[in-house]
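Quick note on numbering: full-length UniProt numbering labels position 137 of the sequence shown as 137, and the sequence is numbered without any gaps. Where a beta carbon is used, it is the ideal one built from N, C-alpha and C, also for glycine. Structure first, commentary second.
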Amino acid sequence: MKKREPISHIMTKTVVTANENDGLKTVVEKLKANAIRHIPIVRGKEVIGIISRTDVNRLTFGALFEGQENADEAILEMLTVPQVMTSKPKTVTPDTIIRDLAEIFVKEDFHALPVVDKGELKGIVTTTDVVKYFLEQYD
Numbered sequence: 001m002k003k004r005e006p007i008s009h010i011m012t013k014t015v016v017t018a019n020e021n022d023g024l025k026t027v028v029e030k031l032k033a034n035a036i037r038h039i040p041i042v043r044g045k046e047v048i049g050i051i052s053r054t055d056v057n058r059l060t061f062g063a064l065f066e067g068q069e070n071a072d073e074a075i076l077e078m079l080t081v082p083q084v085m086t087s088k089p090k091t092v093t094p095d096t097i098i099r100d101l102a103e104i105f106v107k108e109d110f111h112a113l114p115v116v117d118k119g120e121l122k123g124i125v126t127t128t129d130v131v132k133y134f135l136e137q138y139d
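Spelled out as structure tokens, the structure:
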């Protein structure tokens, strides 16, 4: 097993993002259209927040009650991205070691972290990326 492998080898480099002025409905559409679970919120190239599909699910009723789609729409229109996002999320750098990242995921219960270098978004890395990497080590 490669012991000092940096996360730059496993991170997603083409990141779908949203900005603080986007509507929540736009964020939800981006999550669905791209089949992703986390979306960094940026101001220019700086990461100022992150929204997960779980964050959105906590706000909406559609998954719990039939016929509540209109209520979901109303909620998504009432709230803003800054109200829902996790502000100032923890970030990692491209040279963070994969093992260290795995420890962060376990200890801090995160499932995705933006990868930032010199204040600029360079990628995103998820628990799925880490699990795939470890599985490849057994091939």
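Where Asp129 falls, given that 16 or more other Cβ within 10 Å makes a residue buried = buried
Could I get the ranges of all uninterrupted beta strand (DSSP E) runs contained in the stretch 41 to 127, with 3 residues as the minimum, in chain order?
-> 46 to 52, 112 to 117, 120 to 126
Identified DSSP bridge partners for Ala18 | Ile41
For the alpha helix (DSSP H) containing Ala33, list its first residue and its last residue.
-> That run of the alpha helix (DSSP H) goes 24 to 33.
What residue from Ala74, Glu5, Pro82, Asn34 has the CA that sits closest to Ile48's CA?
-> Nearest option by C-alpha distance: Pro82.
If we count the other Cβ atoms within 10 Å of its Cβ and call it buried at 16 or more, is Val106 buried or exposed?
-> exposed
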